[in-house]
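Visitor: If you read the sequences in order, they're chains R and X. Numbers in the working numbering are just positions in the first sequence, counted from 1, shifted up by 204. Numbers in the working numbering are just positions in the second sequence, counted from 1, shifted up by 4. All residues carry an ideal CB built from backbone N, CA and C; glycine is no exception. Here's a structure for you.
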Amino acid sequence: DTGVSQDPRHKITKRGQNVTFRCDPISEHNRLYWYRQTLGQGPEFLTYFQNEAQLEKSRLLSDRFSAERPKGSFSTLEIQRTEQGDSAMYLCASSERNGRANSPLHFGNGTRLTVT
Amino acid sequence: DQQVKQNSPSLSVQEGRISILNCDYTNSMFDYFLWYKKYPAEGPTFLISISSIKDKNEDGRFTVFLNKSAKHLSLHIVPSQPGDSAVYFCAASASNYGQNFVFGPGTRLSVLP
């Protein structure tokens, strides 16, 4: 059983460059989430998909951020024109739909972005 | 405005004793609560959850208590083991208001041998 996989694990980029991260969720999970975590803080919600539909976006997600999940499987998160404030751990999580009951999130190990 | 609060940034406990981690929330619409454990360089790992229709849920050494009137939950770990040393996050969601899970800032637990 493979868990949530994220690639790359680390990314160092110069300010102004674009970066793209990939997430492969647990195969039977149809919900996929992106979170961002900075030092000393808990994960902050960015966006979530149910299958290929992006159903919710945080106000944290500026127009420089875009996420896709084209076939309802893997997802990508792109950050355009990166800024130093974008430096953080980007976490992907998935969960299965279970009627009206909630299901826990299962996280990947994250992509650590450093913008210099 | 922090909807989920963990007011103790750190906690130290002797091995074999009970660890009690606390969490407070402000949004009365929250109806599902979770605890996660995080080791350095890894993603958060799900530990235990509780629905608002219950006031206690137990799984092995881990028990979560929910006090809805006080908007408070706690995680008890007994007996504590050195491998429990990690950062613990409390999270909450409101199932009728989207699927966003809101996390607290975390409490670093150190279990001393």
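1) Closer than 9 Å, Cβ to any Cβ of chain X: which residues of the segment 247-265 of chain R, in chain order?
2) For Gly-64(X), return the contacting residues in chain A, with the cut-off set at a CB-CB distance below 7 Å.
3) Could you tell me which chain R residues have their CB closer than 7 Å to the CB of Phe-105(X), listed as they occur along the chain?
4) Between the Cα of Gly-246(R) and the Cα atoms of Leu-113(X), Ser-114(X), Leu-79(X) and Phe-107(X), which residue gives the shortest distance?
5) Shorter than 8 Å from the beta carbon of Phe-50(X) to some beta carbon of chain R?
6) At the level of alpha carbons, what is the spacing between Asn-313(R) and Tyr-29(X)?
7) Comparing alpha-carbon positions, which option in Phe-105(X), Ser-99(X) and Phe-37(X) lies nearest Asn-26(X)?
8) At a Cβ threshold of 8 Å, is Phe-192(X) touching chain R?
9) For a test of the three-state rule: what should DSSP assign to Asp-290(R), helix, strand or coil?
10) Under three-state DSSP, which class holds Asp-228(R)?
11) Starting from Tyr-36(X), follow the beta strand (DSSP E) in both directions and report where the run begins and ends.
12) Please confirm whether Gly-244(R) has its beta-carbon closer than 8 Å to some beta-carbon of chain X.
13) Short of 7 Å Cβ to Cβ, which residues in the segment 29-40 of chain X face chain R?
14) Is there a Cβ from chain X that is less than 8 Å from the Cβ of Leu-317(R)?
15) Rounded to a whole number of angstroms, what is the C-alpha to C-alpha distance between Val-208(R) and Cys-94(X)?
16) Is the segment 289-303 of chain R touching the segment 233-252 of chain R in the sense that three or more CB pairs, one from each, lie closer than 8 Å?
17) Once you ignore the five residues that flank Phe-225(R) on each side, which residues in its own chain have a CB closer than 6 Å to its CB?
18) Can you tell me which of Pro-109(X), Ala-45(X) and Val-82(X) puts its alpha carbon nearest to the alpha carbon of Phe-66(X)?
19) For Phe-34(X), which residues in the same chain have their Cβ closer than 7 Å to its Cβ, ignoring the five residues on either side in sequence?
20) So what does DSSP say about Asp-211(R), is it helix, strand or coil?
21) Are the C-beta of Pro-44(X) and some C-beta of chain R separated by less than 8 Å?
22) Cβ of Ser-32(X) within 8 Å of Cβ of Ser-114(X)?
23) Asn-313(R) versus chain X: which residues are under 9 Å apart at the beta carbon?
Guide: The answer reads as follows:
1) Correct list: Pro-247, Glu-248, Phe-249, Tyr-252, Gln-254, Leu-259, Glu-260 and Ser-262.
2) Absent from the structure is chain A; the protein chains it does hold are R and X.
3) Ordered by position in chain R, the residues that pass the 7 Å Cβ test against Phe-105(X) are Phe-249 and Leu-309.
4) Nearest in C-alpha terms to Gly-246(R), of all of Leu-113(X), Ser-114(X), Leu-79(X) and Phe-107(X), is Phe-107(X).
5) Interface residue, yes.
6) Cα to Cα, Asn-313(R) sits roughly 27 Å from Tyr-29(X).
7) Nearest option by C-alpha distance: Phe-37(X).
8) Summary: the structure shown does not reach residue 192(X), with chain X confined to residues 5 through 117, and so no result is reported for it.
9) In this structure, Asp-290(R) counts as helix in the three-state DSSP scheme.
10) DSSP places Asp-228(R) in strand when its eight states are reduced to three.
11) Where Tyr-36(X) is concerned, the enclosing beta strand (DSSP E) stretches over 36-42.
12) The beta carbon of Gly-244(R) falls within 8 Å of a beta carbon belonging to chain X, placing the residue at that interface.
13) In summary, the residues of the segment 29-40 of chain X whose CB is separated from some CB of chain R by less than 7 Å are Tyr-36 and Leu-38, in the order they occur in the chain.
14) Leu-317(R) does not count as touching chain X.
15) Each residue's Cα considered, the two are about 20 Å apart.
16) With a cut-off of 8 Å on Cβ pairs, the segment 233-252 of chain R is in contact with the segment 289-303 of chain R, counting three or more such pairs.
17) Cβ within range, chain order: Leu-281, Tyr-294 and Thr-315.
18) For Phe-66(X), the closest of Pro-109(X), Ala-45(X) and Val-82(X) by C-alpha to C-alpha distance is Val-82(X).
19) Excluding residues within five positions, the ones whose Cβ falls inside 7 Å are Ala-96, Ser-97 and Ala-98.
20) If DSSP states are grouped into helix, strand and coil, Asp-211(R) belongs with the strands.
21) Taking 8 Å as the CB threshold, Pro-44(X) stays off the interface with chain R.
22) Not in contact: Ser-32(X) and Ser-114(X) (Cβ atoms no closer than 8 Å).
23) Ala-45, Glu-46 and Gly-47, listed in chain order.
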